[in-house]
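One structure below.
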Amino acid sequence: MGKSNILFIINPISGGKDKLKIPAIIDANLDRSKFNPNYSFTEYIGHAAEIAEEAANKNFDIIVAVGGDGTINEIAAKVMQQQKILGIIPFGSGNGLARFLKIPMNTAKAIQVLNSQHVMKIDTGTFNDKFFFNMAGMGFDAHISSVFVGNKKRGLSGYLKLGFKEMINYKPEKYRLLIDGVSYTRTAFVVSVANSSQYGNNAHVSPHASVTDGLLDVCIVKSFPLYKLPLLAYHMLNASTDRSDMVEIIQGKNIQITRADDAAIHIDGEPFFMGREIAVSISPLSLNVIVPEVFR
């Protein structure tokens, strides 16, 4: 059996971490009897998608995202469309999808997962015409993503400091939801649509979400007084939001969300601007990804 051609697409700024040494770490841990490695560094927003599309149309069997959920999003959309295989080396601020898939945060160990070539299919979602693989949503988290994108201090600490500052003046919004034909009206701080269970950093908004069940979890974080924020954080970090009266979770396949105004949304943590009407759907088992053999 011949070697697989594998391309590592490296985002040099994700997570605020230096990645110049990544090729050397890969060379030291990648099984060269199985792979012919190639490397490419991104230079601007959207560049990872361009590189992945070009690579997918060539003879690369596996395309690896070296970065966070935003980098994975750009690459995975092209990998899925070309029916190639996605690999992940987590290097973002939160690494939500990688953590959910039990991919190690340690770079050498994540590379060793690639050596196993254990491939599984996972569900993917769309938010209007944009693919998402981990989490998409609107409300406060989307607002923070749009503000954070211009913040020079990347990483979890910068995100948390900005979040506390913005939360004081943020007002919950009213949403109309149509989930598999059933109508709901909610005033919410956040409306997240979850494919996996967590935003990142082991903050679980939908503890029982699955990337293989053919369903999306609509997670409604209700309006709450600021003094309850530590309680919400406790539930997220202990994967118990399904037992919190501050969070409502509704599963579905076809979802329509209507809000009062055009505003920010986020797709796998990256900010975008969309209109009042959002159509959300799922494509079951549509992306091939390398995961640890322990993942179930």
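Going left to right, the sequence shown walks through residues 10 to 305 as the working numbering numbers them.
Using N, Cα and C, we set each Cβ at its ideal position, and we do this for glycine too.
As the structure is a computational prediction, the values presented were derived from the model and not from experiment.
Supposed contact pair residue j and residue i - C-beta distance, whole angstroms, cut 8 Å
i: SER295; j: ASP132; result: 7 Å
i: ASN204; j: GLY134; result: 5 Å
i: ILE120; j: LEU39; result: 6 Å
i: VAL202; j: LEU224; result: Not a contact, Cβ separation roughly 11 Å.
i: ILE54; j: ALA64; result: Actually they do not touch by this definition, with Cβ atoms about 18 Å apart.
i: ASN211; j: ARG108; result: 6 Å
i: ASP271; j: PHE282; result: 7 Å
i: VAL199; j: VAL230; result: 4 Å
i: GLY79; j: GLY278; result: 5 Å
i: ALA117; j: ILE84; result: Actually they do not touch by this definition, with Cβ atoms about 21 Å apart.
Beta-bridge pairing of residue i - partner residues as DSSP gives them
i: ASP271; result: The partner list for ASP271 (beta bridge, DSSP) is empty, contrary to what the question assumes.
i: GLY223; result: GLY223 is not bridged to any residue.
i: SER13; result: PHE44
i: SER99; result: Checking the sequence shown, residue 99 turns out to be Pro, not Ser. Looking at the DSSP assignment, PRO99 forms a beta bridge with GLY76.
i: ARG108; result: In DSSP, ARG108 forms no bridge with anything.
i: ILE84; result: Paired residues: none, contrary to the question.
i: ILE299; result: VAL128
i: SER232; result: Note: SER232 sits in no beta bridge, so no partner.
i: SER49; result: ILE18
i: TYR71; result: The question names Tyr, yet the displayed sequence has Ile at residue 71. ILE71 is bridged to ILE15 and ILE94.
Residue j beta carbon less than 8 Å from that of residue i
i: GLN126; j: ILE299; result: yes
i: GLY105; j: TYR208; result: yes
i: ASN137; j: ALA288; result: yes
i: VAL309; j: CYS228; result: Any property of residue 309 remains undetermined from this structure, which presents the chain solely from 10 to 305.
i: SER154; j: HIS275; result: yes
i: LEU238; j: SER253; result: no
i: MET114; j: PRO99; result: yes
i: PRO301; j: ILE112; result: yes
i: HIS152; j: TYR179; result: yes
i: PHE141; j: MET176; result: no
i: ALA197; j: SER232; result: yes
Examine the Cβ distances between the region 38-56 and the region 232-251 and report whether three or more of them are shorter than 8 Å. no
Beta strand (DSSP E) segments (min. 3 residues) lying fully within the region 248-297: 256-261, 263-268, 272-276 and 279-283
Examine the Cβ distances between the region 86-102 and the region 178-185 and report whether three or more of them are shorter than 8 Å. no
Would you list, in sequence order, the uninterrupted beta strand (DSSP E) runs of no fewer than 3 residues that lie entirely inside the region 176-223? Segments of the beta strand (DSSP E) lying fully in the region 176-223: 182-188, 191-203 and 207-209.
Could I get the ranges of all uninterrupted beta strand (DSSP E) runs contained in the region 126-157, with 3 residues as the minimum, in chain order? 128-136, 139-141 and 144-148
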